[in-house]
Amino acid sequence: MRVLMIAPPGAGKGTQGTLIAAHFGIPHIATGELLRDHVARRTGLGLAVQEYLDRGELVPDQVILDMVREAVVAAKAAGGGYVLDGIPRNIEQARALYLIAVDLGMTADVALHLDAGDAEVTRRLLARAALEHRSDDTADVIAQRLALYHQVTAPILGWYRDRGILVSVDAMRPVQQVSREILTALDQLLPLLEHAAERAGHRADLATLGEAFGAAGPAAGTPA
Ligand code: ADP
């Protein structure tokens, strides 16, 4: 089972990603966690990305893509499944991730969208801030992260819908209800994935990814 998760901050990507990974016995690759780990260990990468995280901005695509490629290579060696949490966050990442995944024979089976409104996720993140003290869980930075989500991340959903791999779940409900719905949906998909070999020959059309943003959108156009 190969799942990528797309959701606004505070919708529960981390929680649900962990549960999905445990259910299927596959690695949970969370870009935010990987980055925060680098920051905590004060690695070169950590020092380079800290300011982006603190401001709620996206770290440069190449940094993320190198990190994720390495993790997907490891996931392939570990059995071939994954839960990707936190990527793609923009059209360039969606395109690059797809090409990496094709290259490794590891394209996603499901794009899981956790749907939650701004007021609810803001409330959750501020509640979490009181407990966890994440540097980006302040009102200003939360607003910035949400704005970025709507501007550059949410438009990608249409592309996954067109590819027929989008599963959208109402994430405004309690954790257990959301996870039950997700795991039921994914379990039902498992038998269908046996046809994955057939689909592997069917390349997604990257040109339509640009269309999701309209002609004036960021980085619209045909892929390299
Ligand atoms: P959230 O979704 O709650 O904002 P994450 O843990 O997924 O939390 O991400 C935290 C921060 O890590 C982001 O605000 C961003 O700075 C950085 N980050 C995570 N994933 C990516 C990515 N794919 N591209 C660029 N930056 C990322």
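Residue numbers for the sequence shown, in the working numbering: 1258 to 1481.
Note that beta-carbon positions come from the ideal geometry of N, C-alpha and C, so glycine has one too.
I'd like the span of the beta strand (DSSP E) that includes Val-1426, first residue to last.
If you number the sequence shown from 1, residue 1426 lands on position 169. Where Val-1426 is concerned, the enclosing beta strand (DSSP E) stretches over 1423-1427.
Is the CB-CB distance between Ala-1368 and Val-1260 below 9 Å?
In the sequence shown, residue 1368 corresponds to position 111, counting from 1. In the sequence shown, residue 1260 corresponds to position 3, counting from 1. Yes, they are a contact pair.
Between Ala-1287 and the ligand ADP, is there a pair consisting of the residue's CB and a ligand heavy atom that are separated by less than 8 Å?
Stepping through the sequence shown from its first residue, residue 1287 is reached at position 30. It does: the Cβ of Ala-1287 is within 8 Å (strictly closer) of some heavy atom of the ligand ADP.
So does Val-1330 have its beta carbon nearer than 8 Å to some heavy atom of the ligand ADP?
Translated into positions along the sequence shown, residue 1330 becomes position 73. Incorrect: Val-1330 has no Cβ contact closer than 8 Å to the ligand ADP.
Quick one: grab the DSSP three-state call for Ile-1344.
Taking the sequence shown and counting its residues from 1, one reaches residue 1344 at position 87. Coil, per DSSP.
Between which two residues does the alpha helix (DSSP H) containing Arg-1293 stretch?
If you number the sequence shown from 1, residue 1293 lands on position 36. Segment 1288-1298, the alpha helix (DSSP H) holding Arg-1293.
If contact is defined by three or more beta carbon pairs under 8 Å, each pair taking one atom from either stretch, is the segment 1271-1285 in contact with the segment 1428-1446?
The segment 1428-1446 is in contact with the segment 1271-1285.
Can you look up Arg-1259 in the DSSP assignment and give me helix, strand or coil?
As a working note, residue 1259 is residue 2 in the sequence shown. Here Arg-1259 sits in strand by DSSP.
In terms of alpha-carbon separation, which member of Ile-1348, Gly-1362 and Arg-1346 lies closest to Ala-1334?
Position 77 of the sequence shown, counting from 1, holds the residue named residue 1334. The candidate whose alpha carbon is nearest that of Ala-1334 is Gly-1362.
Once the 5 residues before and after Val-1330 are set aside, which same chain residues still bring their CB inside 8 Å of it?
On the sequence shown, position 73 is the one that residue 1330 refers to. For Val-1330, where only same-chain residues beyond five positions count, the Cβ hits under 8 Å are Leu-1361.
Run through DSSP, which three-state label would His-1370 get?
As a working mapping, residue 1370 is identified with position 113 in the sequence shown. Here His-1370 sits in strand by DSSP.
Leu-1443 and Met-1258: beta carbons closer than 9 Å?
Here residue 1443 is taken as the residue at index 186 of the sequence shown, counted from 1. Here residue 1258 is taken as the residue at index 1 of the sequence shown, counted from 1. Yes. Within cutoff.
Confirm, please, whether the CB-CB distance from Gly-1282 to Gly-1271 is below 9 Å.
Taking the first residue of the sequence shown as 1, we reach residue 1271 at position 14. Taking the first residue of the sequence shown as 1, we reach residue 1282 at position 25. In this structure, Gly-1282 does not lie closer than 9 Å to Gly-1271 by Cβ.
Does DSSP classify His-1390 as helix, strand or coil?
Indexing the sequence shown from 1 puts residue 1390 at position 133. It is coil, neither helix nor strand.
Using C-beta distances below 6 Å, list every residue in its chain close to Tyr-1303, excluding the 5 sequence neighbours before and after it, in chain order.
In the sequence shown, the residue the question calls residue 1303 occupies position 46. Before going further, note that residue 1303 is Gly rather than Tyr in the sequence given. Excluding positions up to five away in sequence, the list reads His-1295 and Val-1296.
Determine, using beta-carbon pairs with one atom in the segment 1426-1434 and one in the segment 1384-1397, whether at least three such pairs fall under 8 Å.
Short answer: they don't touch.
Tell me which residues share the same chain as Ala-1358 and place their Cβ nearer than 6 Å to its Cβ, disregarding the 5 neighbours each side in the sequence.
Your numbering for residue 1358 matches position 101 in the sequence shown. Excluding positions up to five away in sequence, the list reads Thr-1364.
Measuring CB to CB, does Leu-1311 end up less than 9 Å from Val-1398?
By 1-based counting over the sequence shown, the position of residue 1311 is 54. By 1-based counting over the sequence shown, the position of residue 1398 is 141. Reading the sequence as shown, one finds Asp at residue 1311 and not Leu. Yes; because the gap between Cβ atoms is below 9 Å, this pair is in contact.
For Leu-1423 versus His-1370, is the C-beta spacing smaller than 9 Å?
As a working note, residue 1423 is residue 166 in the sequence shown. As a working note, residue 1370 is residue 113 in the sequence shown. Going by C-beta atoms, Leu-1423 is nearer than 9 Å to His-1370.
If you follow the alpha helix (DSSP H) that Gln-1445 is in, where does it begin and where does it stop?
What you label residue 1445 is simply residue 188 of the sequence shown in a count that begins at 1. Taken as a continuous stretch (DSSP letters only), the alpha helix (DSSP H) holding Gln-1445 covers 1432-1446.
Taking only the alpha-carbon atoms, compute the straight-line gap between Pro-1266 and Gln-1408 and give it to the nearest angstrom.
Within the sequence shown, residue 1266 is the residue found at index 9, counting from 1. Within the sequence shown, residue 1408 is the residue found at index 151, counting from 1. Rounded to the nearest angstrom, the two C-alpha atoms are 13 Å apart.
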